[in-house]
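The sequence shown runs 191 to 654 under our numbering.
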Amino acid sequence: MRAHTGARTTNRWGNTMANATDHLWMHFTRMSSYRDGEVPTIVRGEGAYVWDAQGRRYLDGLSGLFVVNAGHGRTELAEAAAKQAAELAFFPLWSYAHPTAVELASRIASLTPGDLNRVFFTTGGSEAVESAWKLARAYFKRVGKPNKHKVVSRHIAYHGTSMGALSITGLPGIKSDFEPLVPGGIKVPNTNFYRAPEHGSSVEDFGRWAAEEIARAIEREGPDTVAAVFLEPVQNSGGCFPPPPGYFERVREICDAYDVLLVSDEVICAWGRLGHYFGAERYGYQPDIITTAKGLTSGYAPLGAMIARDELIEPFLSETGMFAHGITFGGHPVSCAVALANLDVFAREDLTGHVRATEDAFRSTLEKLLDLPIVGDVRGDGYFYGIELVKDKATRATFDEAESERLLRGFLSTALFQAGLYCRADDRGDPVVQLAPPLICEQAQFDEMEQILRAVLTEAWQRL
Numbered sequence: 191m192r193a194h195t196g197a198r199t200t201n202r203w204g205n206t207m208a209n210a211t212d213h214l215w216m217h218f219t220r221m222s223s224y225r226d227g228e229v230p231t232i233v234r235g236e237g238a239y240v241w242d243a244q245g246r247r248y249l250d251g252l253s254g255l256f257v258v259n260a261g262h263g264r265t266e267l268a269e270a271a272a273k274q275a276a277e278l279a280f281f282p283l284w285s286y287a288h289p290t291a292v293e294l295a296s297r298i299a300s301l302t303p304g305d306l307n308r309v310f311f312t313t314g315g316s317e318a319v320e321s322a323w324k325l326a327r328a329y330f331k332r333v334g335k336p337n338k339h340k341v342v343s344r345h346i347a348y349h350g351t352s353m354g355a356l357s358i359t360g361l362p363g364i365k366s367d368f369e370p371l372v373p374g375g376i377k378v379p380n381t382n383f384y385r386a387p388e389h390g391s392s393v394e395d396f397g398r399w400a401a402e403e404i405a406r407a408i409e410r411e412g413p414d415t416v417a418a419v420f421l422e423p424v425q426n427s428g429g430c431f432p433p434p435p436g437y438f439e440r441v442r443e444i445c446d447a448y449d450v451l452l453v454s455d456e457v458i459c460a461w462g463r464l465g466h467y468f469g470a471e472r473y474g475y476q477p478d479i480i481t482t483a484k485g486l487t488s489g490y491a492p493l494g495a496m497i498a499r500d501e502l503i504e505p506f507l508s509e510t511g512m513f514a515h516g517i518t519f520g521g522h523p524v525s526c527a528v529a530l531a532n533l534d535v536f537a538r539e540d541l542t543g544h545v546r547a548t549e550d551a552f553r554s555t556l557e558k559l560l561d562l563p564i565v566g567d568v569r570g571d572g573y574f575y576g577i578e579l580v581k582d583k584a585t586r587a588t589f590d591e592a593e594s595e596r597l598l599r600g601f602l603s604t605a606l607f608q609a610g611l612y613c614r615a616d617d618r619g620d621p622v623v624q625l626a627p628p629l630i631c632e633q634a635q636f637d638e639m640e641q642i643l644r645a646v647l648t649e650a651w652q653r654l
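This is how it looks when you write it as structure tokens:
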């Protein structure tokens, strides 16, 4: 054991913060950033707010990581976990069942669009995406189309970090260290209308063009080799790209024409984020598979799911049939109990209805920022928004790599946090600030976000 080398703190969390520097390997984190300082340590949450080890309060403008949809500090969710752990802490779903998994699967099936009635539990989103690709490949082998194995997804889209999910992901910067990846990941344009390469004057024409790019990709690869198309209802990476009108309707037609499965990756977009239990409902399309996680438990326990149409399980229901895939902690009894309690909160407080009732106010509050010279676009739906930053509004000129480094990591991320707003400043595309607050937020929180963003973005512009 080596001696601690970072700065010390004298409050009750001192050892925790010191050990974070010495022993905790954080995810997607430049560890060198904390070589000479303390790791920001969040110790408590209540409603839409969290507190750090020094007692400072922050508005959680990202719901943790698009997760804490019902808000922090829900004691009934903690109590549901404790009760289930005391009764049955663990049992696998490998040839056995337990009541909370059965009840939750039934509850989810009652909420999904169409005949998505088969629920395969995982522990998170990457596993759900991985499971969906494996199901697509296994399904087509069993129905006599063994060459159908490839996946179409969009540029800059994030679908997870396991090897299969990473192959579907469209972010080169997080893939290169792990190549060669699973072959078969095909990329097509996303729906960023603000930077539309074609049909920039008509969002409908752009949507048709973007959808047809999926058809063209399937034709190039060979329809007999493509198994699935993976799309988020609103694409996260790049800064919240909503679908143009008619886009998903045309994508559904294309998938049907080529016998390709449409996977709606709703790890973020489900469970009220867009004002509905599932984003597919908002945009009126019928997926063959939904992948989900995050808000299913509002983060009070880890859980994800792949939800499939009845037709997709049929080849596995023969006497010797089996989907040869499983996850030890998928459908964990405690996590399922928490999810059931979380869905009770959603129903009792009508959180999806609350989002629909207040989303216009959220949008109009954020759009006030368009008077700032650094703000080029405000886009999104529901409680899921991206604010794109530019250095010239007239030309939409973006920042180069060095400028983004100085702007986002050198100033914005820290300045927003110090000002009391936890959100995401991201450049996995063009520079954006992303917001996805808990679904309980009201106008007071919208105003607080706008005021902090206005002050910090104004200073950022002055620093350029």
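Where is the CB? At the ideal position from N, CA and C, for every residue including glycine.
This structure is a prediction, so every number in the text was calculated from the model and none was measured.
| query | result |
| --- | --- |
| F420, enclosing beta strand (DSSP E) - first and last residue | V416 to L421 |
| Supposed contact pair E402 and G436 - C-beta distance, whole angstroms, cut 8 Å | At roughly 11 Å, the Cβ-Cβ gap does not stay under 8 Å, so G436 and E402 are not in contact. |
| Residues near S525 by beta carbon distance below 7 Å, same chain, minus five either side | T487, A491, P492 and L493 |
| The region 514-533 in contact with the region 274-286 per 3-pair CB rule at 8 Å | yes |
| I480 - partner residues in DSSP beta bridges | S454 and I497 |
| Neighbourhood of S366 by C-beta, 7 Å cutoff - its chain only, sequence neighbours within 5 removed | none |
| R583, DSSP secondary structure in three states | Before going on, a small fix: residue 583 reads as Lys here, not Arg. If DSSP states are grouped into helix, strand and coil, K583 belongs with coil. |
| Best match in G429, K377, S391 and R385 for proximity to V416 [C-alpha to C-alpha] | K377 |
| Beta-ladder partner(s) of Y575, from DSSP | G570 and L625 |
| Distance, V233 Cα to G374 Cα | 42 Å |
| Three-state secondary structure (DSSP) of D250 | strand |
| Secondary structure of H262, DSSP reduced to three states | strand |
| Span of the alpha helix (DSSP H), counted from its first residue to its last, around T219 | Unbroken run through T219: none, as it is neither H nor E. |
| Nearest-angstrom Cα separation, counted from A547 out to E369 | 45 Å |
| Best match in L421, G334 and Y467 for proximity to D414 [C-alpha to C-alpha] | G334 |
| First and last residue of the uninterrupted beta strand (DSSP E) at G447 | Note that residue 447 is Ala in the sequence shown, not Gly. Element bounds for A447: not the beta strand (DSSP E) but the alpha helix (DSSP H), Y437 to Y448. |
| Stretch pair the region 600-607 + the region 417-424: three plus CB contacts closer than 8 Å | no |
| Reduced DSSP secondary structure (H/G/I, E/B, other) of A386 | coil |
| Three-state secondary structure assigned by DSSP to T199 | Any reading at T199 is ruled out, since the residue's pLDDT is 44, under 50, leaving its predicted position unreliable. |
| Top-ranked residue by Cα proximity to L255, from Y612, A645 and A587 | Y612 |
| Best match in V580, E649 and F552 for proximity to L625 [C-alpha to C-alpha] | F552 |
| Bounding residues of the alpha helix (DSSP H) (the contiguous stretch that carries T548) | L541 to E557 |
| Rounded separation between A210 and V229 - CA only | 7 Å |
| 8 Å contact criterion, which G570 and V424 should meet: CB distance rounded | 7 Å |
| Burial state of D637 (16 or more Cβ within 10 Å) | exposed |
| C-beta atoms of P676 and G397 nearer than 8 Å | There is simply no residue 676 to check, as the chain begins at 191 and stops at 654 in what is shown. |
| Separation of Q244 from F330, as counted between CA atoms | 55 Å |
| Sub-8 Å separation of S603 and A592 beta-carbons | no |
| D616 - DSSP class collapsed to helix/strand/coil | strand |
| Local conformation of D226 per DSSP, three classes | coil |
| Selected residue, minimal CA-CA separation from Y475, among G489, L643, P303 and S508 | P303 |
| Chain-order list of residues whose beta-carbon lies under 8 Å from that of V441 (same chain, five-residue window excluded) | A401, I404, V419, L421, L452 and Y475 |
| Residues near Y700 in its chain [Cβ-Cβ closer than 7 Å; skip 5 each side] | In the structure as shown, the chain starts at 191 and stops at 654, and residue 700 therefore has no counterpart that could be examined. |
| Simplified DSSP state of T302, which is helix, strand or coil | coil |
| Terminal residues of the alpha helix (DSSP H) in which E409 lies | V393 to E411 |
| Nearest-angstrom Cβ-Cβ length linking F310 and M496, presumed shorter than 8 Å | 4 Å |
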